[in-house]
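Q: Supplied in structure tokens, the structure appears directly below.
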Amino acid sequence: MMQATEEIKELSEDEKFEKLDEIIEQNRGQEGILINVLHQAQQIFGHLSRKIQVHIAEGLDIPFSKVYAVISFYSLFSTEMRGKYTIEVCTGTACYVKGAEDILEQFKTELEIEPGETTEDGLFTLETTRCIGACGMAPVIKVGDDTHGRLKEDQVSDLLDKYE
Ligand code: FES
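Numbering (this note's numbering), first residue to last: 361 to 524.
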């Protein structure tokens with residue numbers, strides 16, 4: 361049984377790999393083992409880096425290429441470290457007209473990352489997105505499940521401070 365997410369987050373890197381080994385043992389011999397293990401590994405680490413992929417391939421005694429092929433096929437698996445919150449800056453037409461570009465620049469400056477990247481503290485991943493259907497509130501951004509509309513550049517810093 362998977363531990364609560366909060367507990368897993370507290371584990372050190374070594375402990376996470378120990379947990380992964382336990383999962384590999386528990387699943388050994390079962391059908392769909394690779395998908396199952398990958399799924400649980402992503403829950404533990406938040407992503408599936410090359411190091412994790414190699415560890416799983418060795419643990420299951422299967423070629424690395426097979427692990428890599430499955431990860432590439434299923435979009436639910438991510439090879440990049442993801443932040444606790446994903447910030448999506450809408451760059452659809454309505455938001456663009458209302459200054460989405462400047463908003464995006466402000467996030468880049470505040471977080472010191474480019475779209476597609478994650479802050480070093482693991483808190484935020486920055487992304488751009490197409491219209492999210494809230495054009496009436498343009499410019500719109502999302503932080504996790506929260507939608508923020510009519511955002512101004514000088515509000516970005518305070519907004520980020522609300523998330524920890
Ligand atoms: S264009 Fe941004 S919400 Fe529609």
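A virtual CB, placed ideally from N, CA and C, is assigned to each residue, including glycine.
Where ILE492 and GLU385 are concerned, what is the direct C-alpha to C-alpha distance, given to the nearest angstrom?
A: Residue 492 sits at position 132 when you count from the first residue of the sequence shown. Residue 385 sits at position 25 when you count from the first residue of the sequence shown. Rounded to whole angstroms, ILE492 to GLU385 spans 42 Å at the Cα level.
Q: Give, in chain order, every unbroken run of the beta strand (DSSP E) that is at least 3 residues long and sits entirely within the segment 419–454.
A: Those beta strand (DSSP E) runs which fall completely within the segment 419–454 and span 3+ residues are 445–450.
Q: Just verifying my parser: in three-state terms, what is the DSSP assignment at HIS415?
A: Position 55 of the sequence shown, counted from the start, is the residue given in the question as residue 415. Residue state, collapsed to three classes: helix.
Q: Hey, which residues come within less than 5 Å of the ligand FES, measuring from Cβ to any heavy atom, in chain order?
A: Working through the chain, the matches are CYS450, GLY452, ALA454, CYS455, CYS491, ILE492, ALA494, CYS495, VAL500.
Q: For the ligand SAH, is there a heavy atom less than 7 Å away from the beta-carbon of GLU513?
A: By its list of ligands, the structure shown excludes the ligand SAH, since it contains just the ligand FES.
Q: Can you find the residues in the same chain that come closer than 7 Å, C-beta to C-beta, to GLY406, ignoring five residues on each side of it along the sequence?
A: Numbered from 1 along the sequence shown, position 46 holds the residue referred to as residue 406. These residues qualify, in order along the chain: MET441, ARG442.
Q: Does the beta-carbon distance from ILE422 to ALA401 come in below 8 Å?
A: As a first step, residue 422 is located in the sequence shown; it is residue number 62 there, counting from the start. As a first step, residue 401 is located in the sequence shown; it is residue number 41 there, counting from the start. No.
Q: With distances taken Cα to Cα, identify the nearest neighbour of THR489 among PRO475, ARG388, THR479, LEU483.
A: The count along the sequence shown starts at 1 and reaches residue 489 at position 129. The shortest C-alpha separation from THR489 is found at PRO475.
Q: For the alpha helix (DSSP H) holding LEU398, just list the boundary residues, first then last.
A: Within the sequence shown, the letter at position 38 stands for residue 398. Residues 393–405.
Q: Pick out whichever of ILE412, GLU373, GLU448 has its Cα sitting closest to the Cα of PHE424.
A: Numbered from 1 along the sequence shown, position 64 holds the residue referred to as residue 424. Here the closest residue by C-alpha is ILE412.
Q: If LYS458 and PRO499 are in contact, beta carbons under 8 Å, what's the gap, nearest whole angstrom?
A: Here the question's residue 458 lines up with position 98 in the sequence shown. Here the question's residue 499 lines up with position 139 in the sequence shown. Right, the Cβ-Cβ distance comes to about 5 Å (below 8 Å), so this counts as a contact.
Q: Using the rule of at least 16 other Cβ atoms within 10 Å of the residue's Cβ for burial, across every protein chain shown, is PHE433 buried or exposed?
A: For the purposes of this step, residue 433 is taken as the residue at position 73 of the sequence shown. Counting Cβ neighbours within 10 Å, PHE433 comes out exposed, since fewer than 16 surround it.
Q: Measure from the alpha carbon of MET497 to the alpha carbon of each residue in HIS508, ALA429, HIS399, LEU471, then state which is nearest.
A: As a first step, residue 497 is located in the sequence shown; it is residue number 137 there, counting from the start. Residue HIS508 is the option with its Cα nearest to MET497.
Q: Measuring only the C-alpha atoms, how far is MET361 from GLN466?
A: What you label residue 361 is simply residue 1 of the sequence shown in a count that begins at 1. What you label residue 466 is simply residue 106 of the sequence shown in a count that begins at 1. The predicted model places MET361 with a pLDDT of 48, which falls under 50 and marks its position as unreliable; any figure quoted below should be read in that light. Going from the Cα of MET361 to the Cα of GLN466 covers about 42 Å.
Q: Cα-Cα, which of ALA460, CYS455, TYR456, LEU486 is closest to GLU470?
A: Numbered from its first residue, the sequence shown carries residue 470 at position 110. Of the listed residues, the one whose Cα sits closest to GLU470 is LEU486.
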